[in-house]
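Reviewing the structure listed below.
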Amino acid sequence: MSDKQSVLGRAVRLSTTDVGALVERAEDPRAVLDQLVRDYTAAIADAERAVSTTLGTLRLLEQDHAEDVKADGEWGARARTVSRKADVLRASGSDAAADAFDRLAKVALARQLRSEREATAAEPAIAAQRDLVARLGAALDGMRSRLGELKSQHDGVRSLSRTTGAAESVNALDTTSELRRFEDKVRREETRLAGKELPASCLDGQFERLDDLGDTAEVEARLAALKATT
98 MSDKQSVLGR AVRLSTTDVG ALVERAEDPR AVLDQLVRDY TAAIADAERA VSTTLGTLRL
158 LEQDHAEDVK ADGEWGARAR TVSRKADVLR ASGSDAAADA FDRLAKVALA RQLRSEREAT
218 AAEPAIAAQR DLVARLGAAL DGMRSRLGEL KSQHDGVRSL SRTTGAAESV NALDTTSELR
278 RFEDKVRREE TRLAGKELPA SCLDGQFERL DDLGDTAEVE ARLAALKATT
């Protein structure tokens, strides 16, 4: 599981935690509140960093996608131009020159096909990054709300007077144990999400497969389509 997915899993858990119930069950509410405020503050900072890096990755993916879409259009336009030139030359009896321009049209169409496929291959990764940003944003809102609740309770809890011998044993592990009951449900969510973020190696494999430009049949079909429209 990626670091960002781990951050998301913790953020989802903390954003849905019933902090009021945790404090009510605690033998030392003030100690638990102190630890929870620290936990939520740290988790919010981690989630904010994850959002920032994810947005950066998303912007790069979107930029590359836009360039591929632009290249798709440009190579298509070049293919049409040289194909029409070939038709004009062939109509004038210059078959050899026409064949040369048709070969250029095929090269342009092959490059158009490559750009088109690269743009298509990037779309799942872009969608996954957008989904991750949205989920992290929602979890951040939830954690900030929970942190606000905790801070609003903090002063009130100071006035409580509870006599218990177990109060001194309250520490970070106690708080964590209270949170553990949420782990099973969250793990299922993390497992489901883990498959959504495409690793770079997966994308690299898709791009490497595009290096084979032997799509002769597709290029020939596209050239024939161009000829049919001129």
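No gaps in the numbering here: position 49 of the sequence shown is 146 in this note's numbering, and each next residue is one more.
Where a beta carbon is used, it is the ideal one built from N, C-alpha and C, also for glycine.
Since the model is a prediction, treat every value here as computed from it, not as a measurement.
Taking ASP100 as the reference, which of ARG110, ARG146, GLN132, ALA128 has the closest Cα? Answer by Cα proximity: ARG146.
field: Buried versus exposed, by CB contacts within 10 Å (16 or more), LEU290
entry: In this predicted model, LEU290 has a pLDDT of only 47, less than 50, meaning its place in the structure is not dependable; the value taken from the coordinates is given anyway. So LEU290 counts as buried.
- Task: Consider the Cβ of ASP169: report whether some Cβ of chain D lies at a distance smaller than 8 Å.
- Result: Structure shown: chain D not included; a single protein chain is present.
Can you find the residues in the same chain that come closer than 8 Å, C-beta to C-beta, to GLU280, ignoring five residues on each side of it along the sequence?
Low confidence applies to GLU280: its pLDDT is 47, below 50, so where it sits in the model is not reliable, and the reading given next is rough at best. Cβ within range, chain order: ARG110.
- Using 10 angstroms around the beta-carbon of THR313, count the other beta-carbons present and answer buried if the total reaches 16, otherwise exposed. exposed
Take the Cβ of LEU157 as the centre, count every other Cβ of all protein chains shown within 10 Å, and call the residue buried at 16 or more, exposed below.
-> exposed
Please state whether DSSP places ASP131 in a helix, a strand or coil. helix
- Between the segment 197-215 and the segment 234-242, are three or more C-beta pairs nearer than 8 Å? no
If the criterion is Cβ atoms closer than 8 Å, does the pair LEU201 and VAL179 meet it? yes
According to the Cβ coordinates, are VAL129 and LEU119 closer than 8 Å? yes
Going straight from the alpha carbon of GLU220 to that of HIS162, what length do you get?
-> It is roughly 8 Å from the alpha-carbon of GLU220 to the alpha-carbon of HIS162.
| said: Checking 8 Å against the spacing of the C-beta atoms, do GLY234 and VAL134 come in under that value? | reply: Contact flag unset, no.
Relative to the alpha-carbon of ALA139, which residue among ILE223, ALA216, GLY117, ARG107 has its alpha-carbon at the smallest distance? ARG107
By DSSP, does THR114 sit in helix, in strand, or in coil? coil
Would you report the Cα separation of VAL185 and ARG227, rounded to the nearest angstrom?
48 Å
I'd like to check one pair, GLU159 with ILE223: are the Cβ atoms closer than 8 Å?
yes
I need the straight-line Cα distance from ALA194 to ASP169, nearest angstrom please.
26 Å
Handout entry: Extent of the continuous alpha helix (DSSP H) run through GLU124
Key = Counting along the chain, GLU124 falls outside any alpha helix (DSSP H), and DSSP gives it neither H nor E.
Assuming contact is defined by CB atoms lying nearer than 8 Å, are LEU320 and ASP192 in contact in what I supplied? No, the Cβ-Cβ distance between LEU320 and ASP192 is not below 8 Å.
* To do: Find the nearest neighbour of GLN132 within the set LEU323, LEU247, LYS167, judged by alpha-carbon distance.
  => LEU247
If you draw a straight line from the alpha carbon of ALA318 to that of LYS324, how long is it in whole angstroms? Between the C-alpha atoms of ALA318 and LYS324 there is a straight-line separation of about 10 Å.
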